[in-house]
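In what follows, a single structure is set out as C-alpha cells and then discussed.
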Amino acid sequence: MREERAVSGIAFRELSPVSFLQRAAEVFADRPAVVDGADVRSYAEFWDRAQRMAGALVARGIQPGDRVAVLAPNSPVLLEAHYGVPLAGAVLVALNTRLSAAEIGYILQHSGSRLLLVDDALTELAERALGELGADAPEAVGADRFERELRGAEPHRHEITDERGLLSLNYTSGTTGRPKGVMYHHRGAYLQALAMAYHAQLDTSARYLWTLPMFHTNGWCFPWAVTAAGAVHQCLRAVDPAEIWRAVHEDGVTHFCAAPTVLTGLTEHPAAARPQQVVRVFAGGAPPWPALLERTGELGLDVRHLYGLTETFGPAVVCEVQPEWASRAPDERARLIARQGIANVIAEPVRVADPEGRDVPADGETAGELLLRGNDVMLGYYRDEEATAAATLDGWFRSGDLAVRHPDGYVEIRDRLKDVIISGGENIASVEVENALTAHPDVLEAAVVGVPDEKWGEVPVAHVALRSGARTTEQELIDHVRERIARFKAPRYVVFGDLPKTSTGKLRKNVLRQRSRTGG
Numbered sequence: 001m002r003e004e005r006a007v008s009g010i011a012f013r014e015l016s017p018v019s020f021l022q023r024a025a026e027v028f029a030d031r032p033a034v035v036d037g038a039d040v041r042s043y044a045e046f047w048d049r050a051q052r053m054a055g056a057l058v059a060r061g062i063q064p065g066d067r068v069a070v071l072a073p074n075s076p077v078l079l080e081a082h083y084g085v086p087l088a089g090a091v092l093v094a095l096n097t098r099l100s101a102a103e104i105g106y107i108l109q110h111s112g113s114r115l116l117l118v119d120d121a122l123t124e125l126a127e128r129a130l131g132e133l134g135a136d137a138p139e140a141v142g143a144d145r146f147e148r149e150l151r152g153a154e155p156h157r158h159e160i161t162d163e164r165g166l167l168s169l170n171y172t173s174g175t176t177g178r179p180k181g182v183m184y185h186h187r188g189a190y191l192q193a194l195a196m197a198y199h200a201q202l203d204t205s206a207r208y209l210w211t212l213p214m215f216h217t218n219g220w221c222f223p224w225a226v227t228a229a230g231a232v233h234q235c236l237r238a239v240d241p242a243e244i245w246r247a248v249h250e251d252g253v254t255h256f257c258a259a260p261t262v263l264t265g266l267t268e269h270p271a272a273a274r275p276q277q278v279v280r281v282f283a284g285g286a287p288p289w290p291a292l293l294e295r296t297g298e299l300g301l302d303v304r305h306l307y308g309l310t311e312t313f314g315p316a317v318v319c320e321v322q323p324e325w326a327s328r329a330p331d332e333r334a335r336l337i338a339r340q341g342i343a344n345v346i347a348e349p350v351r352v353a354d355p356e357g358r359d360v361p362a363d364g365e366t367a368g369e370l371l372l373r374g375n376d377v378m379l380g381y382y383r384d385e386e387a388t389a390a391a392t393l394d395g396w397f398r399s400g401d402l403a404v405r406h407p408d409g410y411v412e413i414r415d416r417l418k419d420v421i422i423s424g425g426e427n428i429a430s431v432e433v434e435n436a437l438t439a440h441p442d443v444l445e446a447a448v449v450g451v452p453d454e455k456w457g458e459v460p461v462a463h464v465a466l467r468s469g470a471r472t473t474e475q476e477l478i479d480h481v482r483e484r485i486a487r488f489k490a491p492r493y494v495v496f497g498d499l500p501k502t503s504t505g506k507l508r509k510n511v512l513r514q515r516s517r518t519g520g
C-alpha cells in the first residue's frame, strides 16, 4: 500500500509531521536547524541523521508498530527521535526525565517498549528503572553508543500508510493515580504543528529556545512546528533563568514556551531586561495571573496564553489578542489576555456544558465543563477502554476543567472540577482566590486548596511563596483578598513557603492538600 492514495485520479498524501523535515531539507538545506551549544547542524544534516536513526533502529530489529522509548533532556537525540522513530515505523514514547525509577519502569512496561534510548547522563536512573522490570525489561542503549551506530547505518524511511495510525504514546502526569498512555496519531500531530507555527508566527527568521520539555506532549508539537517554518531549534537541557535571558540577549532567541512558574522566575531574575527583538512567549500549563502578565509585558515579552492537555496534543485553545485591547488600561488588558481564549485554527469550536451536556449561556458567569473535539484530540487511552469512555461525552472529550464563556466567545478556566472548593454549599474557584492573592505586591506565587472542615464541609487554605525580602503577614493577605472578592472566598489561613511543582511547572495541589490536612 502506497503513502499516497488516489481519489478520482488525484493523489493525496497521508498527513504525517515527518514530512516537514523532508521539505525543510529540500528548501532550507544549508540553513541552521539544530543548535546545541557550539554544535550546529543544517536541515540537510538533520534529515540525513533522522533517516539514519531509523536505519539504526531497524538494524536493531525494531519493526513497524514497536514502541521505542527515549529518556533524554531537551537535546538533539530527543529532537531527532521525533522523526527517526516514526521513519522506522515505530511509536515514540518520550519519558519524563524527572520521574522516579519505579514510575519510568511502569511506563516502559505498560507501553510495551522494546528499546530504551538513554542519554548517558541519565544512565543510573535508567538502570534502576530497568531493574524494576527484571526479565521483562526492554533492551537499553546509551546515546553515545547509538550515535556510533547511527553514523554507520543505512538511511531508512518507512512509508506512512495511515495518517490516523499511532505516532506516539504520551503519558499523563499521574498525580491522581497511575499515568495513562495518550495515543497520538500522525494527522493530529501534523495539523497541531501547523496551528502552533501559525499562532506563534514562526518563520525562517525565528529562533526557538527549548525551555518546554520535549517529553511533555511532544513539546506541544513544536519539534515539528519549528521545522515546518524552517526556523532554528536551540536546545536547552535544563530550565535556567540566567541562561534563558542570555540566549534572548546574546543569541537572539525570538520564541519559547513556559509555564507561569517559569515566567515568574524570569521576571524576578537580576538579568531581566527588555530585549531588542520581539520575543513571543507561549504560556500554558496553568492559568497565568494578570499581575504576572503585566510584569512580563513591562519586560517586553509578548506573552500569549494557551490552554490544552496531554489528550489534545497540547494547546487546543489560544488567547488571540485583539488589536482593540491595546487601548485598554494595563490591568484590564492583562485580565483579557489571562483568559484561555478560543479554539486554535485547526480545532473545532469548544463548548462549555452543564452536567447534562447542555451548553451554558455565554454570560461570563455560568460555569460548566469545557468540552473539546477535533483533529487535535487523542485516539484514546492505550489499553484503557474504561478511562477512554469516562472521558467522552457524546463524542466530545471531557477536559475536567470548569470554565465560563464570555459574550465575545472567549472561554476562561475557573478551576479544575476536582479543585473546586465547596464551602457551606457555595462553590469557590481556587483560581479566583489565587488571582486575588497574586495581585498583592509581596506575593510571588499562590495556590489555594480545600481542606475538610466540620462546620463548612471545606474551607480554602492558601499556600504562598513571597518575593525575596517581603515581610507581609497572614492577616494582611486575608484582608487583601477580602477587599477584592467575596469574604467567604478568602483563605481561612495561609501557609508560607516554596510551592511543589510537577516537571512541567504545574503546581502539585494534591501535595498541598496533604500538607494542609496533616500540617506537614
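Going by UniProt numbering, the letters in the sequence shown line up with residues 1 to 520, in that order. The beta-carbon is built from N, C-alpha and C at its ideal position, and this holds for glycine as well. All values reported here derive from a predicted model rather than from experimental measurement.
In this structure the stretch 368-382 touches the stretch 338-358; the number of beta carbon pairs closer than 8 Å is three or more. The secondary-structure analysis by DSSP pairs ASN170 across a beta bridge with VAL182. Just so you know, the alpha carbons of LEU466 and ALA272 end up roughly 19 Å apart. CA-CA distance, VAL318 to GLN340, rounds to 6 Å. Contact between GLY284 and CYS257 holds: CB atoms are separated by about 7 Å, below the 8 Å threshold.
With a threshold of 16 other beta carbon atoms within 10 Å, GLU250 falls short and is exposed. Taking a cut-off of 8 Å on C-beta distances, the stretch 232-239 does not touch the stretch 318-336, as fewer than three cross pairs fall below it. Excluding sequence positions up to five before and after MET53, its CB lies within less than 6 Å of the CB of GLU80, GLY84, LEU150, all in the same chain and listed in chain order. When only Cα atoms are considered, VAL91 and TRP456 end up about 50 Å apart. The beta-bridge partner set that DSSP reports for HIS233 consists of VAL34, TYR208.
For ILE337, the enclosing alpha helix (DSSP H) has its first and last residue at 330-337. Taken in chain order, the complete alpha helix (DSSP H) segments of 4 residues or longer contained in the UniProt domain "AMP-binding enzyme C-terminal" (432-506) are 474-482. For ARG246, the enclosing alpha helix (DSSP H) stretches over residues 241-246.
Between LEU87 and ALA137, the beta carbon gap of about 25 Å keeps them out of contact (Cβ cut-off 8 Å). In this structure, ALA200 lies away from TRP224, with their beta-carbon atoms at least 8 Å apart.
Here GLU458 is near ILE422, since their CB atoms are less than 8 Å apart. Annotation for PHE282: the continuous beta strand (DSSP E) segment containing it runs 279-283. Taking 8 Å as the upper bound for CB-CB distance, ARG414 and GLU432 are in contact here, some 7 Å apart. By the Cβ-count criterion, VAL448 is buried, with 16 or more other Cβ atoms from all chains shown falling within 10 Å of its own Cβ. For ALA72, the three-state secondary structure derived from DSSP is coil. Residue burial is scored here from C-beta neighbours: GLU324 has fewer than 16 other C-beta atoms within 10 angstroms and is therefore classed as exposed. TYR43 is the residue among PRO260, LEU117, TYR43, SER168 whose C-alpha sits nearest the C-alpha of ARG31.
For ASP66, there is no enclosing alpha helix (DSSP H), as DSSP marks it with neither H nor E. Exposed is the label assigned to GLN322, since fewer than 16 other Cβ atoms lie within 10 Å of its Cβ. Beta bridge pairing from DSSP links CYS257 with PHE282.
Counting C-beta pairs with one atom in each stretch, the stretch 148-164 and the stretch 122-135 have fewer than three that are closer than 8 Å, which means they do not touch. For SER399, the enclosing beta strand (DSSP E) starts and ends at 396-405. If you look at PRO315, you'll find it in the beta strand (DSSP E) that goes 314-318.
Taking 8 Å as the cut-off, the beta carbon of PHE222 is found no closer than this to the beta carbon of MET183. If you draw a straight line from the Cα of GLY364 to the Cα of GLU243, it comes to about 40 Å. Rounded to the nearest angstrom, the gap between the Cα atoms of ARG416 and ALA387 is 18 Å. Under the 10 Å beta carbon count, PRO287 is surrounded by 16 or more other beta carbons and is classified as buried. Per DSSP, the continuous alpha helix (DSSP H) segment holding ASP144 begins and ends at 143-152. Going by C-alpha positions, ALA11 is about 23 Å away from ALA25.
Taking the Cα positions, GLU268 is about 22 Å away from ALA462. ALA470 and LEU507 have their C-alpha atoms spaced approximately 22 Å apart.
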